[in-house]
Structures are given as structure tokens and as C-alpha cells.
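Numbering (UniProt numbering), first residue to last: 1 to 338.
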């Protein structure tokens, strides 16, 4: 999706989550860093973040705490002679729920440089906003026991537990170079799983090609993409060697405009998920494909979907926010499983 602030959609920018840090090498070649900043429109009035610009260890700009109701701020920061630029997005002093921040139309003047290091929750300036990868897990409470031994896992099993989110339908930036950039970079990374969504033949061709090198896909089904529950069966049959799971719609709990048969969250999402589960399981050719629960932006919103049993595996929708993998699980997610 696009980066949107105050009703304005931006073609380029950095869509990040609070706790992110993005570094750029300037090497003294640029005069000004310019950007519009704010909390992305997709979270409504929720979220609270602050945007900071640092260069060579000194803070040059601080937006102060901004929420979904705060007007977009435009900044032009003098970076003349600076060697290293650091863009930091904080959680505004509370937690990181709904903290979808945008550095919209972020650019360096008189020209742009290339990213030296980008956090896992951000994208390069010429890439549209990307959704961080979601992790699916068995939908059952975890009950730690001091008497339970930890079973050793192989390195292969660990790698096989990792996946990344892609947007193979995009045509701008590196996504416009599937054969020379996207496919070889995924292969070099060594992951075996991607998460994506789409329904056009060119998209299917890319998924089938990735399947030949051992990269399988989980596809998000969402009516906002023109995908109805029964379409999941047709899509699965078009990519039989690629698809390993289908997932319900994404973050309807913070997107009130998302509807199915005239109903929004939670009723519309519950009915879509139920129809998706029935469609996949009603056809012998797709009945073995796992159906994942829909993802939610707020862990506390899961109770609103009750009763919901139309899934094979749950969906823990966490953002690490630039921290270690698993950050926030004990504070935000685990209390909802007890």
C-alpha cells in the first residue's frame, strides 16, 4: 500500500514502525535532508511516535510526540558537511502499538545517496511502504514449566522457521528487476518462505519461479485486493508448487473502511475468514493447504473476533521495532494468550 499522511498519498518514502533506526552515508556530499513526517493514516487517530534526525552524533531535529491526529510536519534539515545521517523513530514514550510512522517523500538535496544500513522494519527511499513479516504459530496458550527440557533444534530447522514479506506486484524500485535483483537476493538470503498477496498471472509466474529454487509462499487473501474467498482456490491451483498457506485479511482492526458483504471489523472479518476456510477445505485439490488466522494490529482486539475457529494456525502479528526478534512478546502478546 501507499504511504498516506493527512489524506495525501506519497509515491516514495520510508514506512517504519517505532523503534526503528535508518542510517545513510552522506560523506559530506549533501546539503539538506527534507521530508514530511507523521503517523500513517491507516491507523486513524491511534499511535504515538516522534521523529528525530541525527548527523555525526548530534541531534538536528526532533518532531516531538505526534499521534494520528497530529498534522503532517515538513522538515528541511541542514546536513552540510555531515558524514553520517541517522533517522530515528521512537515510540513517543509509551508502547509501540499502532506506531506506523512515515518519513514521506524523504530525500537528500541536491541528490540522493544509497542506504548504508536499513533496519528490518523500513524500506529504501524508492520503495513503497512494506508490511513487516508476520509470524504464524500454533494457536494455543504457552505454559512454561521449569521441569520441561528445551529440545535442541538443527540449524536447518531454524532457517526454515524464518520468512520475509515481499511485494512482487510492485513494479517500482528493485521490484521492477525481479530476475536481476529480487530473485537472486532472496536466494542469497537463504530463506525458504515469503508472505505476499495478489491475483494476476505475472505475479503467479514469479511465485512459480521462486518455487523452483525452494522458496514457498503464504498468500494473504483480502477483499481490498479484489480477492474473494472462492478466489483462493483458483489462486492456489495456479501455483501448486509454491503455495503452502493462505492467510486471512490484514489488520482490519485499524482499517474501518475494510468491509466484506457490507460489514466491517469484527463481523465482516469473521465472515470472510469463515468463507475462506470453507472454500479451501471444500476442494480436494486445496484441502491440505493450511489456513492462517487473520492478522490484527492490536493484540487486545482478538477477543472481538470470538467465536472464530475457521483456521488451522494462529497469527501472532508482532513488530520488533528495531529490537531483538521477539521483543514485545511478553509485554503485549503473551498476556492475551493466558
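For each residue, glycine too, the CB sits at the ideal point set by N, CA and C.
Here the structure is a predicted model, which means the values were calculated and not measured.
Quiz item: residue 330: buried (16+ other C-beta within 10 angstroms of its C-beta) or exposed?
Solution: Exposed is the call here.
Quiz item: Ordered along the chain, which non-local residues of its own chain (more than five positions away) have a Cβ less than 6 Å from that of residue 168?
Solution: Within the same chain, residue 168 has close Cβ partners 196, 203 and 206.
Quiz item: Which ranges would you report for the beta strand (DSSP E) in the segment 47-108 if only whole runs of at least 3 residues count?
Solution: Those beta strand (DSSP E) runs which fall completely within the segment 47-108 and span 3+ residues are 48-55, 58-62, 73-78 and 84-90.
Quiz item: Can you pull the DSSP bridge partners for residue 33?
Solution: Note: residue 33 sits in a beta bridge opposite 77 and 108.
Self-check item: Entirely enclosed beta strand (DSSP E) segments - the segment 173-252, minimum 3 residues
Solution: Correct list: 193-196, 216-220 and 243-247.
Quiz item: Below 8 Å, can you find three or more Cβ-Cβ pairs linking the segment 308-325 to the segment 12-28?
Solution: For the pair of segments examined, the segment 308-325 was found to touch the segment 12-28: the number of CB pairs separated by less than 8 Å reaches three.
Quiz item: So what's residue 301 in DSSP terms, helix, strand or just coil?
Solution: If DSSP states are grouped into helix, strand and coil, residue 301 belongs with the helices.
Practice problem: Output the boundary residues of the beta strand (DSSP E) element that contains residue 359. | Solution: Outside the displayed range of the chain (1 to 338) lies residue 359, so it cannot be described from this structure.
Self-check item: Classification of residue 255 by the beta-carbon crowding that lies within 10 angstroms, buried from 16 upward
Solution: So residue 255 ends up on the buried side.
Exercise. Report yes or no: do the segment 302-309 and the segment 4-12 share at least 3 C-beta pairs separated by less than 8 Å?
Key: Contact between the segment 302-309 and the segment 4-12 is absent, because fewer than three Cβ pairs lie under 8 Å.
Quiz prompt | When 252, 165, 237 and 92 are compared against residue 62, the one with the closest alpha-carbon | solution = Closest option to residue 62, Cα to Cα, is 92.
Quiz prompt | Other residues of its chain near residue 333: CB distance less than 7 Å, five sequence neighbours each side excluded | solution = Closer than 7 Å at the Cβ level, and outside the excluded window around residue 333, lie 299, 316 and 318.
Practice problem: Examine the Cβ distances between the segment 52-72 and the segment 81-91 and report whether three or more of them are shorter than 8 Å. | Solution: Short answer: they touch.
Quiz item: Considering only the beta carbon of each residue, do residue 242 and residue 217 sit closer than 8 Å?
Solution: Yes.
Self-check item: Rounded Cβ spacing between residue 47 and residue 67 (contact assumed at less than 8 Å)
Solution: Confirmed, about 6 Å.
Quiz prompt | Spatially closest choice to residue 229 from 264, 191, 277 and 189, by CA coordinates | solution = Its Cα nearest to that of residue 229, the residue 277 stands out among 264, 191, 277 and 189.
Practice problem: Note down the Cα distance separating residue 208 from residue 189, rounded to an integer number of angstroms. | Solution: Whole-angstrom Cα-Cα distance: 18 Å.
Quiz prompt | Close beta carbons around residue 289, own chain, < 8 Å, minus the five adjacent residues each side | solution = The residues are 236, 243, 244, 245, 246 and 280.
Practice problem: Give me the Cα-Cα distance between residue 176 and residue 250, rounded to the nearest whole angstrom. | Solution: Residue 176 and residue 250 have their C-alpha atoms spaced approximately 24 Å apart.
Quiz item: residue 164 lies in the beta strand (DSSP E); which residues open and close that run?
Solution: Counting along the chain, the beta strand (DSSP E) containing residue 164 begins and ends at 163-165.
Quiz item: Looking only at C-alpha atoms, which of 29, 292, 24 and 36 sits nearest to residue 13?
Solution: The option with the nearest alpha carbon to residue 13 is 36.
Self-check item: Where the beta strand (DSSP E) through residue 269 begins and ends
Solution: For residue 269, no beta strand (DSSP E) run applies; the uninterrupted alpha helix (DSSP H) run containing it begins and ends at 267-282, by DSSP.
Quiz item: For the putative contact between residue 85 and residue 32, defined by C-beta atoms under 8 Å, what is the C-beta separation to the nearest angstrom?
Solution: Wrong, their Cβ atoms sit about 11 Å apart, outside the cutoff.
Quiz item: Which word fits residue 413, buried or exposed, when buried means at least 16 other C-beta atoms lie within 10 angstroms of its C-beta?
Solution: Here the chain covers residues 1 to 338 and nothing more, so residue 413 does not appear.
Quiz prompt | Through-space distance from residue 162 to residue 156, alpha-carbon basis | solution = Between residue 156 and residue 162, the C-alpha separation is close to 10 Å.
Practice problem: With distances taken Cα to Cα, identify the nearest neighbour of residue 267 among 239, 302 and 171. | Solution: Here the closest residue by C-alpha is 302.
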